[in-house]
Amino acid sequence: MPGTDSPNSGPTHSANWRIRPTWSSPGSDRSEHRAIWVCCRPISTPSPMPMAMPVAFRPARGMIGPDGISMSSTSSGLFGCRSTTRAFPLRCCSESVWRDHRPSRRGEMTDPNKIPIPASTTVLVRDGENGLEVLLARRNTKLFFAGGAWVFPGGRIDPEDHPGDVVTDDDDPRMLEAARHASVREAAEETGAVIDIDSLVWLSHWTPPMEAPKRFSTWFFMAPAPEHIGALEADGGEIHELAWMCPGDAMRRRNEGDIELIPPTFITLALLEHFPTAHDALEHYRNFPPEHFVTKFAAVDGSVVAMYEEDAGYNSGDASIPGERHRLWMGDGDWRYERSRWPGRTLNG
12 MPGTDSPNSG PTHSANWRIR PTWSSPGSDR SEHRAIWVCC RPISTPSPMP
62 MAMPVAFRPA RGMIGPDGIS MSSTSSGLFG CRSTTRAFPL RCCSESVWRD
112 HRPSRRGEMT DPNKIPIPAS TTVLVRDGEN GLEVLLARRN TKLFFAGGAW
162 VFPGGRIDPE DHPGDVVTDD DDPRMLEAAR HASVREAAEE TGAVIDIDSL
212 VWLSHWTPPM EAPKRFSTWF FMAPAPEHIG ALEADGGEIH ELAWMCPGDA
262 MRRRNEGDIE LIPPTFITLA LLEHFPTAHD ALEHYRNFPP EHFVTKFAAV
312 DGSVVAMYEE DAGYNSGDAS IPGERHRLWM GDGDWRYERS RWPGRTLNG
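Residues in the sequence shown are numbered from 12 upward in steps of one, following my numbering.
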């Protein structure tokens, strides 16, 4: 879509965030530190509201906090909100949000019985002048979850998306069918795109770590852009802008600080980057079982990594263990998806 590939400019904000790290015992190995929740105040705000933030690690440039804020590390030992004119204006949670995430409720947040919210998203693909393109949508910066980030259109699975009785088990085939209906509905609501449900190809499923303040169990589907799709329009509510981007260009723009992405979006772009056409990508995943990504975060060499199954450090949570890799590096610089094995890949790269 001409004229839609540059995020809107916004005001520049910067702030420092005070942190209180805790170690397992005085003098203990700092690799054994644990996450805590602390009340942080942006020192540049006259009457700041407190914000809950996990501090398992020092955030690197471009890392996304629980409030959708892009955080950066500073040499002074204070957390900082990255100054930018294009993404993530500074904002704080409301008092009600703070109460929901205060330290006394941390055990509840990491309760193994806490069920993630079912959600679905659509990776719409087409052939552009420079190869395969995907439709990305910029979320309203005021949204609590991933505000300001560029994502694939999608949202919660609503009761009406279930063809029959509402089910809650992710492994129930009826939940997959509900996810397909939600994917089509959300794409139409957020972008105006009318997608044939039979064209959906199940790409992946994502489960965030237990520590996430808001957890979504998300189905990712890929679909070809309908012929004669014409100009699409953001709904103006949750979505403020739409753009067709080549996967490699979107990842590069994130690493240059031009746009913000969240890990599932970045990894999905990395998976699609090597396909020259939309047809190639669709045909590949029609004949390849969907992948299941269950995220585990860890720290290694001063960087934060998101690890997935197949990574040598996944089961133990120790990212320094040598061996096979399946992780997203989110250090102080570029994000980088590292994978030793690419199942089913037949294309070069």
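We put the beta carbon where it would ideally sit given N, CA and C, even for glycine. No experiment lies behind these values; they were computed from the predicted model shown.
>> How far does the beta strand (DSSP E) with Y296 in it extend, from its first residue to its last?
In response: Counting along the chain, Y296 falls outside any beta strand (DSSP E), though it belongs to the alpha helix (DSSP H) covering A289 to R297.
> From P170 to V195, what distance separates their C-alpha atoms?
Replying inline: 14 Å
> Taking just the CA atoms, how far does P237 sit from E197?
Replying inline: 16 Å
> Going by C-alpha distance, which of E249, I250 and F277 is nearest F262?
Replying inline: Checking the sequence, you will find Met at residue 262 rather than Phe. Among E249, I250 and F277, the Cα nearest to that of M262 belongs to F277.
> Do three or more CB pairs link the segment 169–183 to the segment 313–333 at distances below 8 Å?
Replying inline: The segment 169–183, when compared against the segment 313–333, does not touch it at the 8 Å Cβ threshold.
> Can you tell me where the alpha helix (DSSP H) with I250 in it begins and where it stops?
Replying inline: Run containing I250: none in the alpha helix (DSSP H); it sits in the beta strand (DSSP E), I250 to M256.
>> Looking only at its chain, what residues have a beta carbon closer than 6 Å to the beta carbon of H337, apart from the 5 residues adjacent to it on each side?
In response: Y319, E321, D322 and R350
> Out of W213, R185 and L214, which has the shortest C-alpha to C-alpha gap to D172?
Replying inline: R185
>> Using a Cβ-Cβ cutoff of less than 6 Å, which residues in the same chain neighbour G284 once the five nearest sequence positions on both sides are dropped?
In response: It is Glu, not Gly, that sits at residue 284 in the sequence shown. P258 and G259.
>> Can you tell me whether M262 is helix, strand or coil according to DSSP?
In response: helix
> F304 to L147, Cα distance in whole Å?
Replying inline: Near 21 Å, if we compare the C-alpha coordinates of L147 and F304.
>> Quick check: the Cα distance between A292 and L154, rounded to an integer number of angstroms?
In response: C-alpha separation (whole angstroms): 31 Å.
>> I need the boundaries of the alpha helix (DSSP H) containing V195, first residue and last residue.
In response: Boundaries of the alpha helix (DSSP H) harbouring V195: P184 to T202, taken from the DSSP string.
>> Any heavy atom of the ligand NAP inside 8 Å of the beta-carbon of L280?
In response: Looking at this structure, you won't find the ligand NAP or any other ligand, since it has none at all.
> Where do the ends of the beta strand (DSSP E) carrying P274 lie?
Replying inline: Where P274 is concerned, there is no enclosing beta strand (DSSP E), although the alpha helix (DSSP H) it sits in stretches over P274 to L283.
> With distances taken from CA atoms, which of D176, I208, V145 and V212 is nearest F299?
Replying inline: The candidate whose alpha carbon is nearest that of F299 is V212.
> Which residue's Cα is closest to the Cα of P301: T279, F308 and P287?
Replying inline: T279
> Is the beta carbon of I332 sitting closer than 9 Å to the one on W161?
Replying inline: no
> If you draw a straight line from the C-alpha of A245 to the C-alpha of R150, how long is it?
Replying inline: 10 Å
> What did DSSP end up calling S131 once you bin it into helix, strand or coil?
Replying inline: strand
> For S210, which of helix, strand or coil comes out of DSSP?
Replying inline: When secondary structure is reduced to three states using DSSP, S210 falls in the helix class.
>> Residues in the same chain with beta-carbon distance under 8 Å from F163, minus the five sequence neighbours each way, listed in chain order, please.
In response: In chain order, T132, T133, V134, L135, V145, L146, L147, A148, F231, T276 and T279 place their CB closer than 8 Å to the CB of F163, counting only its own chain and leaving out the 5 sequence neighbours on each side.
> Ends of the beta strand (DSSP E) at P235?
Replying inline: F227 to P235
> Roughly how many angstroms separate the alpha carbons of G248 and G334, rounded to a whole number?
Replying inline: 45 Å
>> According to DSSP, is E171 part of a helix, a strand, or is it coil?
In response: helix
> Does DSSP put K125 in a helix, a strand or coil?
Replying inline: coil
> Are there 16 or more other CB atoms within 10 angstroms of the CB of V205, so buried, or fewer, so exposed?
Replying inline: exposed
>> On a Cα-Cα basis, can you pick out the residue from W346, A317, G344 and G342 that is closest to P219?
In response: A317
> So what's S314 in DSSP terms, helix, strand or just coil?
Replying inline: strand
>> I'd like the span of the beta strand (DSSP E) that includes K336, first residue to last.
In response: In the sequence as presented, Lys is not what sits at residue 336; that position holds Arg. Counting along the chain, R336 falls outside any beta strand (DSSP E), and DSSP gives it neither H nor E.
> A190 and G166 look like a contact to me (Cβ under 8 Å); what is the Cβ gap, rounded to whole Å?
Replying inline: The pair is not a contact, with the Cβ atoms about 11 Å apart (cut-off 8 Å).
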